[in-house]
Structure formats: C-alpha cells, structure tokens
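Numbering (our numbering), first residue to last: 10 to 284. All C-beta atoms in this analysis are idealised placements derived from N, C-alpha and C, irrespective of residue type, glycine included. See below for the structure under consideration.
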C-alpha cells in the first residue's frame, strides 16, 4: 500500500488519469489524497467527482473553495462563476448522490501514521493559520463540518461569503467563527503583519511588493507544527517543497502541471497540462 498526494485537480480528469498511470497507482491497495478543488475550471469536473466517490475508502479529499461554491450553486444560493464548467454536474442524473458525498468531505485531514521514513501529515486546501496548533485547527474544522453535515448546512452556505472577520479571536462565535474558519482553510494566501487574512492578493511572494504582507507559511508560528502541512489553492507558487510545507497546486487548469507525491519515499510525479 502506498499513499499518493495530489494537488488541485479542478476537473482535469484526463490529466489525473495519466498521472496515476505514471505512478502505477492501484485503487485496490493504494490511497489517493487530494488538496481540494476537485471541480471548477477544468474540462471534466463530473468525471473527477465520480472517480473520487467511487474510490471509496481509498480516496480522500478536503473541501476547497470551488467545492463549497459548487454546493452553493447547486442550491441556488449563488450563480456559477463565468469560467466554471460545472453544468454537467448540475444536469447529471446522479447529481444528488455526488453532491451529498461532496458535502460530507472534511476541511482537514490529519494522518497520524508514522514510520521510519515518514512522519504524519495534515491536509487542508489553503493551509493552517500560524496561531492555530493542529489540535485547534482540527477542532475548528470539525465544528464547521458538523454544520455542513446537518440540516443547517444551507444556512452556512448562504452566509459564508464574506472576507470578514479577517482576524482570529477566541471570542468569535456563530457565523463569524465559521466564516473565519472556512476562509482560513479554503481561501488563505497572505497574512498582514498583524495577522489578518488578506483575501485580495493572489500573486506569488516574489512578485508581490507589499511589505505588509507575508505568506501564511512564512509567518512566525505560536507553536511549531511537527507534521508536514500539505496544501493546494495557490497556483502562483508553482509548488512548495521545503521544510514541513508541501504545496501541491502547480496550476494544471491554467496550463501548468499536475503534481503528485508518493508519501513514503517522496518521489514526485509531474505532468504538463494542456492550456
């Protein structure tokens, strides 16, 4: 059995299949972990959803911002974004089964399995803010997931669209607490020097000139997280493979590449994607 970790697929199903063949992925024995954003801008989001759902206990994904947006669009809460290619999902005969499966995926996965060559890892779509320990991040994720899995999920989808609050506080309650958690896990890239989430800048750090902003993974942490933090979301980074951070979104949907890593030995598989 091997564990494979892949960045944002965004509906690039054919590219995913080629990459899995390159790695000799065995769906009966191996496990595939995705950093979220299964759907949206690529050519076949429907096939991607079906594939992940059919993997059963061998397929794992966290929710990304595009996945949550799909759930809101499906319920008429929001309109599809201009470049989204999700109509096939909305028209599919198995749409409710797929959307129900998607709604029950986590915001955070903590794999605590350790061996001689690999430590445990934590996956979220965008990352983990520096003021949260793994325990605190897991609790915040589970609190949001509990709402998503309940009959209150429509209320959450209706009220999650806002950049505020941008600053974490242990006194946050209700929708402000849930919204901050969703934004941190699915939309975060830069933080201000005072620790606020900045939702405007999507550039890579080397092209950003605002000295008041710092990438979330470069901010000073209150407590060191020993596990590797695996994330996607930030295609402009072109991937991060350093220290205990593993950024796997290398922009397949933008004509970049799809990147996958085998966890046990760190072997990287990379496929250039068509524009």
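Please determine if the region 37-50 and the region 66-82 are in contact, where contact requires at least 3 C-beta pairs separated by less than 8 Å.
-> yes
Rank 227, 260, 255, 32 by C-alpha distance to the C-alpha of residue 140 and give the top, closest one.
-> 227
Excluding the 5 residues preceding and the 5 following residue 247 in the sequence, name in chain order all residues of the same chain whose CB lies nearer than 8 Å to its CB.
-> 213, 259, 260, 265
Chain-order list of residues whose beta-carbon lies under 7 Å from that of residue 282 (same chain, five-residue window excluded) | 21, 24, 261, 264, 265, 266, 267
To the nearest angstrom, how far is it from the Cα of residue 184 to the Cα of residue 148?
-> 16 Å
Spatially closest choice to residue 93 from 64, 114, 130, 52, by CA coordinates | 52
On the three-state DSSP scale, how would you describe residue 251?
-> strand
Own chain residues within Cβ distance below 7 Å of residue 116, not counting five before or after = 71, 72, 133, 150, 153, 154, 194
Alpha-carbon spacing of residue 255 relative to residue 26, whole angstroms | 22 Å
Could you check where the alpha helix (DSSP H) with residue 187 kicks off and where it finishes?
-> 183-195
Between which two residues does the alpha helix (DSSP H) carrying residue 22 extend?
-> 22-31
Can the beta-carbon of residue 245 be found less than 9 Å from the beta-carbon of residue 17?
-> no
What does DSSP give as the partner residues of residue 70 in its beta bridges?
-> 43
Whole-angstrom distance between residue 38 and residue 4, CA atom to CA atom = Outside the displayed span of the chain (10 to 284) sits residue 4, for which this structure offers no information.
CB-CB under 6 Å to residue 87, same chain, minus the five flanking residues each way: which ones, in chain order?
-> 81
Considering only residues of the same chain and omitting the five flanking positions on each side of residue 130, which have a CB-CB separation below 6 Å?
-> 120, 236, 237, 239
For residue 119, which residues does DSSP report across the bridge?
-> 131
Which full runs of the alpha helix (DSSP H) of 4+ residues lie inside the region 62-113, going along the chain?
-> 74-83, 96-100, 104-112
Do you know how far the Cα of residue 109 is from the Cα of residue 41?
-> 20 Å
Compute the distance between the beta-carbons of residue 165 and residue 174, then report whether it is under 9 Å.
-> no
Beta carbon of residue 54, beta carbon of residue 98: below 9 Å?
-> yes
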